[in-house]
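Below is one structure; the comments refer to it alone.
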Amino acid sequence: MKLAFAKENVLFVKTAPHEWLFPQCSAIVHHGGSGATAAALGSGRPSIVTPCGFDQFQNALMVAESGTGVGLPQIRKVTCRVLAAALTKVLADGALIARAQALGEQLRSEDGVGAAVRVLDTFFAEEMATGVWQAKAIRTQQAFQELARPSISTRIGHFCSALCGGSAPSSN
C-alpha cells in the first residue's frame, strides 16, 4: 500500500537542477549542504534540513533561526515520526511560509554574480595593481617571522650559557 502511494504521489528522477525543482515543491527536505541550502532559500519554500556532517549543522541552525524552516538532528537520528512532524509544521505554519517566500524573493532580486564581479574588480584595481596587497602580504610574512624568532631573553640566555661553558637552554 505504501509503495502504491509513493508511485502515485512521488516523482522519482535521477537528477534535476535544484533551481528548477525546488520552486515546484511545497517544502524542501535536504541535507543542508551550501548549494542545496542556497537553492532552497532562493526557492521561497520552507526547508527541513537533515544534516550529515561538516557545515550542514550550521546551515540547519541558520535555517531554523531565520524562521524559514526546521533544522533536525543528524539524519541518522531522524525518525519517520520526527520528519513527519517537521513536514506538518512547515506546511501548516503560515508565518513560516511567508518568511520563506519573502526571503526567496529578496535573494532572487539580488545580483550575486554582479556583486562578486564588482568586489573582484575593486580588489584587483585597488589592491593587486597598486601593490597594496603585496605589501600587506610581506608585512604579514615579516610578522610571522618575528613571532618565530627567539625572544631577546632566550638569546641572552643562550649567550650566557655559552660563555659559562654550559649547554644552551631549550627555547621551548
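Position 75 of the sequence shown, counting from 1, maps to 75 under UniProt numbering, and the rest follow consecutively.
Cβ coordinates follow ideal geometry from the N, Cα and C atoms, glycine included.
**Request:** Please classify S47: does DSSP put it in a helix, a strand, or coil?
**Result:** strand
**Message:** Assuming the contact rule is C-beta atoms closer than 8 angstroms, A40 and E19 should be a hit. Round their C-beta distance to whole Å, please.
**Reply:** Wrong, their Cβ atoms sit about 10 angstroms apart, outside the cutoff.
**Asked** Leaving out five residues before and five after N9 in sequence, what residues of the same chain have Cβ atoms less than 7 angstroms from its Cβ?
**Response** none
**Item:** Beta-carbon spacing of I48, A16 below 8 angstroms
**Value:** Annotated as distal: I48 and A16, with beta-carbon spacing of 8 angstroms or more.
**Request:** Kindly indicate the opening and closing residues of the alpha helix (DSSP H) around I28.
**Result:** No alpha helix (DSSP H) contains I28, which is instead part of the beta strand (DSSP E) from 28-30.
**Asked** Nearest CA to the CA of S34: which residue from R45, F12, Q24, F57?
**Response** Per the Cα distances, F57.
**Bounding residues of the beta strand (DSSP E) (the contiguous stretch that carries G69)** = 69-71
**Request:** Find the nearest neighbour of I75 within the set A98, Q24, H31, judged by alpha-carbon distance.
**Result:** H31
**Item:** Neighbourhood of T37 by C-beta distance below 6 angstroms, restricted to the same chain and skipping five residues each side
**Value:** N59
**Message:** I'd like to know whether the C-beta atoms of L96 and G67 end up nearer to each other than 8 angstroms.
**Reply:** yes
**Option nearest L103 by Cα separation, candidates G69, I152, K7** = Ranking the options by Cα distance to L103, first place goes to G69.
**Request:** Would you identify the three-state DSSP class for F22, choosing helix, strand or coil?
**Result:** helix
**Prompt:** How big is the Cα-Cα spacing for G53 and P73?
**Reply:** 10 angstroms
**Prompt:** Where does D121 sit, in a helix, a strand or coil, going by DSSP?
**Reply:** It is helical.
**Request:** Just the C-alpha distance for A162 and S153, rounded to the nearest angstrom, thanks.
**Result:** 14 angstroms
**Asked** Any idea what DSSP makes of T37, helix, strand or coil?
**Response** Of the three classes helix, strand and coil, the one that applies to T37 here is helix, per DSSP.
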